[in-house]
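Worksheet for the structure shown next.
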Amino acid sequence: MNSKQKRKLKEMASLAVIRLATLLIALAMTAILGFIVVNGIGTISWSFLTEAPRNAMTEGGIFPAILGTIYLMIGSILIAFPLGVASAIYLHEYARPGRLVRAIRLGINNLAGVPSVVFGLFGLAFFVVFLKFGSSILSGSLTLGFLILPIIIGASEEALRAVPRTYREASYALGGTQWQTIYRVVLPSALPGILTGSILGIGRAAGETAPIMFTAAAYFTTRLPRSIFDEVMALPYHIYVLATAGTHIEETRPIQYGTALVLIALSVGVNFIAILIRTGLRRKHSA
Amino acid sequence: MHAARKRRITEWIIRNTFLVLSMISILILGLIALFLFQEGLPLFRSVSLREFLLGRFWYPTYAPPEFGIFPLIMASVTVTLISSLIAVPLGIFSAIYVAELASVRIKEIVKPVIELLAAIPSVVIGFFGMTVMAPLMQEILDIPTGLNVLNASLMLALMAIPTISSISEDALHSVRRELREASYALGANRWETISRVVFPSALSGISTAVILGMSRAIGETMVVLMVCGGAAIVPDSLFDSCRPLPASIAAEMAEAPFRGMHYHALFATGIVLFFITLGFNIVADHLANKYKQVGTATL
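Sequence lines, in order, name chains A and B. Number 77 in my numbering belongs to position 77 of the first sequence; there are no gaps in the numbering. Each position in the second sequence, counted from 1, maps to that position plus 1000 in my numbering.
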C-alpha cells in the first residue's frame, strides 16, 4: 500500500513540475509581448507610422524604417522562395537516397545553424565589398534571403510530404510525365503549406538585426530609398540604435517601445497568421 | 517516337536544373567559409593563432593593439552553459507536456505559444532584457549593473527553449505507441512510462534538440550585444559584465577601419564562431541520423 501511494505521489509531483515548466514558458512569452504592447500602444498613431524621424530621431515617426523592413522582407523572399522551393522539389520528388542527398541535407542543416552575425560578416565581405553592391537593399536582401533559405526548404518539403502518394500515381496512370505530375498535381496541392512556410521565413527576415547591420541598415537617412542600391533604415536596427547608442536613450523610450510593437506586429503577426492557416489546413486534412 | 524522345530530354533537363538549384545551400556554405577566411586569415600574418585564441587581452584599438579572444570565448561558453541549464529542462518538460500530457485542445494553444516565442525578434528580447530585467535585477539583488552574465543567460534561454522544445516534441512523437501501451499493460503509471520508456526511446532526438538549442544560444547576437554589459574579461561571477564572440563582432565592425588589423581580427572571430556552430551542427546531424531508423514509427 505504502509503495503504491509513494508511486502515485511521485507521479503527481513529476507531472506537476512538467505542467509548471510549460506554464512558466507561456508566462514569459506573455510577459514580453504584454510589456511591449502595453508600453508601445500609446506611441502608435497615424503620424508615428507615416512620418519620418525628426530632431535627431527624438521625435516624429518611423515610416522610413517600416518601409525599409518591408523592402527587405520582399527582397529576401524573392531570393529564398524560388531557390527554397526548387531545393525541396529536388529533395522530395526527384532525389533517391544516397551520398549526394546526404551532402545536400548536411549543407542545409549547417546553413540553418550559421549564426546571424556570421551571415552579416559574409554579406559584408561578399555582397558589399566583393560584388560592390555596397550597403544596400540588394546586399541586405541577399544576406537575409540566404539566412531564411533553410526555413523555406524545410517548410516546402513538409508540404510536399503531405501530398498523398495516390495523387502522383493517378497522374502517372493518366500518362503524365514526372514534371507534369509535379507541376500540375503535386505543387497545387502543396501550395498552401509552402506559402505558410514562406510566411514564417518572411517573419524571421523582418526581425533579424545582425545580418543587416553591415549590409543594408542605415542609422538615419534623410530620404527614402530610390533604388535597390540604396541603404535603408530598418525596424530592428532602429530599436537597437535608439536603445543603445546616442545621448537620448531615456527620452526616446516611447519611440523604442512603439518601434518594437510595430516590429512584433510585423514578425509575430505574420507568424500568427501562418499558424492559423496551418491549423485550419490540418483540421481540413483530418476531417 | 520523336515526341517521346523530346519529352525524355525535357524531363532530363528539368530534373537536372532542380539538382543544380538544390546544391545552392552547399554553395552558400562554401562561400561563407571562403569569404570568412579571405578576410580573416590576414590577421595571422602579425598575430599567431595561439596568441589569438589564448590571449587574455582584447584591446583592438590600443597602440599596440592586442587581439586575444580568450575572454570572449569564455564569455560565450559561460552564457551558453548557464542558459542551457535553464533552457534544457524547461524545453524538454514543455515538449513532454505537449506530446504526452496535453489534450488536443490545449495542445492547439500551447504549441503556437511556444512557436510564437521563437518568432519574437532577438532585438526585442534584448530590449526586454535591457529595460525590464536589468533594472529589476539591479534593485532586487542590489548589484551595480543588471547587464550581466545572468541576465544574458536568462534571455538566451528564452531563445533556445522553442528550438529544444519543438525538436524534442518531434522525437517524443516518433516513439511507438506499442511501447507506451506495453508499459501501461505492465502496470506502470504515466510518469513511470514517460521517464523509463518514452524518454529513453526518444533520447537521441532529444540530444539533437539540446545541441541545436545550445548552438542557437552560442551564435545569438543581439541578446548578448545588448544585455551582457560588454566588458572583455573572463567572467567569474553571475553578475559580471561580459562580451561574447558575436557581441564583439557586431559592436566593433562599424568602427573597425576597412581591412585593417581590427577588421581582420573580427572576421577571424567570425571563423571561430562559424566552426564552433558547424561542430555543434555536425554532431547533432550525426546523432539524428545514427538512431533514425530504429522504430517503425521513424521509418
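Ideal placement from N, C-alpha and C gives every residue a C-beta, glycine not left out.
Contact of G134 of chain A with chain B is not assigned, every C-beta pair being separated by 8 Å or more.
Residue nearest to A1254 of chain B within the set A:A218, A:I228 and A:Q256 is A:A218 (criterion: CA-CA distance). With fewer than 16 other Cβ atoms inside 10 Å of its own Cβ, S47 of chain A counts as exposed. A distance of 8 Å or more separates the beta carbons of A173 of chain A and A190 of chain A. Nearest C-alpha to L124 of chain A among B:I1282, B:I1249 and B:P1200: B:I1249. Close partners of Q256 of chain A in chain B (Cβ separation under 9 Å): F1127 and T1131.
Shown in chain order are the members of the stretch 1221-1250 of chain B whose Cβ falls below 7 Å from a Cβ of chain A: T1221, M1222, M1226, P1246, I1249 and A1250. Under the Cβ distance rule, M213 of chain A counts among the residues neighbouring chain B, one pair being separated by less than 8 Å. The DSSP-derived three-state label of E1220 of chain B is coil. Legend: CB atoms of the stretch 1274-1286 of chain B lying less than 8 Å from CB atoms of chain A belong to residues F1274, T1277, L1278, F1280, N1281, I1282, A1284 and D1285.
Counting along the chain, the unbroken alpha helix (DSSP H) around G84 of chain A starts and ends at F63 to I89.
Within the stretch 1-17 of chain A, the residues whose Cβ lies closer than 9 Å to any Cβ of chain B are, in chain order, R7, K8, K10, E11, M12, A13, S14, L15 and V17.
Residues A1095, I1096, A1099, E1100, V1198 and A1202 of the same chain have their beta carbon placed closer than 7 Å to that of L1172 of chain B, with the five preceding and five following residues left out of the count.
Residue burial annotation: M73 of chain A is buried, with at least 16 other C-beta atoms found within 10 angstroms of its C-beta. DSSP places G1030 of chain B in the helix class (H, G or I) of the three-state scheme. When A:F146, A:L15 and A:F63 are compared, the shortest CA-CA separation from I1092 of chain B is found for A:L15.
Beta-carbon to beta-carbon, S116 of chain A and P211 of chain A are separated by about 5 Å, close enough to satisfy the 8 Å threshold. In summary, T1277 of chain B is buried, with 16 or more beta-carbon neighbours lying within 10 Å of its beta-carbon over all protein chains present. D1285 of chain B: member of the alpha helix (DSSP H) spanning M1261 to K1290, first to last residue.
In this structure A234 of chain A touches A65 of chain A by the C-beta definition: roughly 6 Å separates them, less than 8 Å. Residue nearest to G120 of chain A within the set A:I108, A:L147, A:R96 and A:Y90 is A:L147 (criterion: CA-CA distance).
Two segments are said to touch when three or more pairs of C-beta atoms, one from each, lie closer than 8 Å; by this definition the stretch 183-200 of chain A does not touch the stretch 96-115 of chain A. Excluding sequence positions up to five before and after G1270 of chain B, its CB lies within less than 7 Å of the CB of L1036, G1040 and I1249, all in the same chain and listed in chain order.
Taking 8 Å as the CB threshold, G1219 of chain B lines the interface with chain A.
Contact annotation for I1140 of chain B against chain A: no contact, minimum CB-CB distance about 16 Å [criterion: below 7 Å]. A265 of chain A sits away from F1127 of chain B, with the two beta carbons spaced by 8 Å or more. Here DSSP, grouped into helix, strand and coil, assigns Y172 of chain A to helix. Residue nearest to A56 of chain A within the set A:I255, A:A274, A:T279 and A:S267 is A:I255 (criterion: CA-CA distance). If you check the CB distance, M213 of chain A and V1113 of chain B do not come in under 8 Å. Ranked by how close their Cα comes to the Cα of I44 of chain A, the residues A:L106, A:F130 and A:E59 have A:E59 in first place.
The Cβ neighbour count for E231 of chain A, taken over all protein chains shown within 10 Å, is at least 16; the residue is labelled buried.
In terms of beta-carbon proximity, V1113 of chain B lines the interface with chain A, with at least one pair separated by less than 8 Å. Here L263 of chain A is not near V1077 of chain B, since their CB atoms are 8 Å or more apart. In its chain, beyond the 5 residues on either side, F1274 have a beta carbon closer than 8 Å to the beta carbon of I1032 of chain B.
Judged by DSSP in its simplified three-state form, V232 of chain A adopts strand. Listed as beta-bridge partners of W1058 of chain B by DSSP are B:F1067.
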